[in-house]
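Just below is one structure, and these are the notes that go with it.
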Amino acid sequence: MPFDGMDGFDGLYAFALKSLGCVECGGAQFFSHYKKIVDAQPFGSAPRRILEARIFGDMARLNFDTAGRMTLPDALCEQFGLKDAVLLVGLYDRFQIWNPDAYAAHLATQEAELSGVLTELGL
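Going letter by letter, the sequence shown gives residues 1 to 123 in UniProt numbering.
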């Protein structure tokens with residue numbers, strides 16, 4: 001799907017955040033954030049090509065059904081085992097969609113790291 005002229009789109013974008021095992025979603029600001037990261041790399045460079053393919057190549061605009069519910073592409077659902085129940089995690093300017101079991105495992109890992117992060121921040 002081409003993304004020409006999409007800066008003003010007020011819908012939702014989603015892509016596979018494979019490093020965490022979830023789908024990450026957000027609006028135009030979310031898309032713009034990732035666009036800035038890619039644009040900071042020299043045109044044609046290996047890092048830029050990798051980022052373009054992984055971020056924009058895998059990104060999809062979410063559709064909505066007649067009841068106004070967002071629908072995810074089947075490929076994303078299959079990739080992360082999203083079936084009957086999903087877990088939405090709000091993250092200020094974006095949100096993530098998780099398989100509940102995968103999120104529980106992720107949360108356990110984060111809990112183990114939280115103490116060190118808080119200490120580093122002086123909290």
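Using N, Cα and C, we set each Cβ at its ideal position, and we do this for glycine too.
Keep in mind it's a predicted model, so treat the numbers as computed, not measured.
Candidates the options: closest to residue i by CA position
i	options	result
residue 57	38, 91, 68	38
residue 93	19, 20, 24	24
residue 74	82, 114, 117	82
residue 61	52, 26, 115, 109	26
residue 90	114, 78, 103	103
Supposed contact pair residue j and residue i - C-beta distance, whole angstroms, cut 8 Å
i	j	result
residue 50	residue 15	14 Å between Cβ atoms; not a contact.
Between the CA atoms of residue j and residue i - distance to the nearest angstrom
i	j	result
residue 119	residue 107	19 Å
residue 48	residue 29	20 Å
residue 36	residue 101	33 Å
residue 31	residue 64	18 Å
residue 12	residue 84	21 Å
residue 176	residue 52	Outside the shown range of the chain, which is 1 to 123, sits residue 176, and nothing can be said about it.
residue 105	residue 79	17 Å
residue 115	residue 123	9 Å
residue 86	residue 69	13 Å
residue 110	residue 41	30 Å
residue 117	residue 66	43 Å
Beta bridge counterpart(s) of residue i as assigned by DSSP
i	result
residue 70	64
residue 89	96
residue 13	26, 61
Restricting to runs no shorter than 4 residues, where is the alpha helix (DSSP H) found entirely within the segment 18-51? 28-39, 46-51
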